[in-house]
Amino acid sequence: MRKFALALAALALASAASPALAQSWPSRPVKLLVGFPAGGSTDLAARLLANRLSQALGQSVVVENKVGASGNIASETVAHAPADGYTLMMAATSMAAAPAFFDKLAWDPVKDFTPVALVATVPIMLVATPQLNVRNVAELVAYSKARPGQVNMASPGPTTLVRLSGEQFKQTAKLDWLTVNYKGGAPAMQDMLAGTAQVMFAQISDVIAQVKAGKLVPIAVTTKARSAIVPEIPTLSESGYPGFGFATWQGVVGPAGLPPEVVARLNREIRRILAEPETRTQFLAIGTDVATGSPEEFGALIAEEVDKIKRIAKSVGATAAN
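Spelled out as C-alpha cells, the structure:
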C-alpha cells in the first residue's frame, strides 16, 4: 500500500510539473539550426517559420546556419545538445539520407532526435536546357536514346535524394546519362545554364525562377500528385513511369528526450502558423508546399525515409564517392 501511495504521489508531482514547464518555456531565445547555407530552401523555410514562432512564443527564435558535411555537422550538434527545448533544428531529407552514405555517423536519425513537426515538402522537378528542344518526358527519352552517352545529368551532390531520384529514373527508363555531381545546387545550376549539363533533377525551389524566365524547360515532377506550385506540370507517373513518389521535406526536430510539454506546444504553434493562408502563400513563393502533422506522424516519416533511401541507394549503386 505504501509503494502504491508513493507511486501516486510521484505521478501527481509529475502532472503538476508539466503545466509549469509548459508555462515557463521558453524563458530565453531558442536556436533553430540549419545545416545548409543561407538562401537555400531549408534556410528560407526556417527563417519564415522562426519569424512567426518568435511572435507566438514571446521569445526570439534565432536561425543559425551550421554548414558542412551534407548537413551532418548540424545534425550531430543537435543530437548531442541538452534536451531542454532551446536547441532545435530545421531538419531536411539529408538527415534521413545520411545512414545510406556515411558508415560512421555519431548520431542516428531515428534514435537521437525528437520529431516535433513536419513543416514543408519540396517537390523535385526534372528540367532540361532549351537547346535539347524537348517539352515532355517522351521527347526527352527519345532524344537521349538517340544519343547514348551524350547527355549529362547535373546533380547537387552524391548523397542527395534529388540525385537518387535522377538515378532511379535513369535506371527505369534505361537511359545512358552521365551523372555529374557538384558541391551544391548553385554550381550545378551554373553548368545547366551554360549548357555543360543538359538535364537535372532539382528541388522546385532551386529552379523555379529559371523555369519562369524560360532558361530551363520543366519536364515533370517526381511527386505522387501534381504540385500546387506548378500544377500545369505532369508527374513522372502520368508521363508513363509509375511508381515515383519523391519529394524532399523539412521539419523541426530536437534532441532525443525533449520534454513532451515542449513538443506539444511547438507542434501546436507550428500547425497553427502553417494553417494561415498568408503563411501558405509565403511558402509557395519560395517553392515549397506547406505540410504538417503530429510528432508521431513526422517520426514515422523519418523512419520510412531512412529505409527507403537506403534501399534506393543500394539499387542504383549510389555512394558518397560516386
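Mapped onto the working numbering, the consecutive letters of the sequence shown carry residue numbers -16 to 305.
For each residue, glycine too, the CB sits at the ideal point set by N, CA and C.
Computed from a predicted structure; not experimentally measured.
The beta-carbon distance between Gly237 and Phe85, rounded to whole angstroms, is 22 Å. This is too long to meet the 8 Å contact definition. Approximately 25 Å separates the beta-carbon atoms of Asn250 and Ser210; this is outside 8 Å, ruling out the contact. Per the coordinates, the alpha-carbon of Val110 lies some 25 Å from the alpha-carbon of Ala79.
In this structure Ala125 is exposed. Its beta-carbon is surrounded by fewer than 16 other beta-carbon atoms within 10 angstroms.
Here Glu59 is buried, its C-beta having at least 16 other C-beta atoms within 10 Å. The residue from Glu47, Lys297, Val145 with its alpha-carbon nearest to that of Arg30 is Glu47. For Gln186, the beta-bridge partners assigned by DSSP are Ile107.
With a 10 Å radius around the Cβ and a threshold of 16 neighbouring Cβ atoms, Ser24 comes out buried. If the five residues before and after Leu40 are omitted, its C-beta is found closer than 6 Å to the C-beta atoms of Pro9, all from its own chain and listed in chain order. Residue burial is scored here from C-beta neighbours: Asn55 has at least 16 other C-beta atoms within 10 angstroms and is therefore classed as buried. Note: Ala137 is bridge-paired with Val163, Met183 in the DSSP secondary-structure output.
Only residues of its own chain outside the window of five on either side were considered, and among them Ser77, Thr142 have a CB closer than 6 Å to the CB of Ser53, listed in chain order. Where Pro238 is concerned, there is no enclosing alpha helix (DSSP H), although the beta strand (DSSP E) around it starts and stops at 230 to 238.
With contacts defined as CB atoms closer than 8 Å, Leu32 and Val102 qualify as a contacting pair. The beta-carbon distance between Val105 and Gln233, rounded to whole angstroms, is 7 Å. This is short enough to meet the 8 Å contact definition.
Between Ala121 and Val163, the CB-CB gap reaches or exceeds 8 Å.
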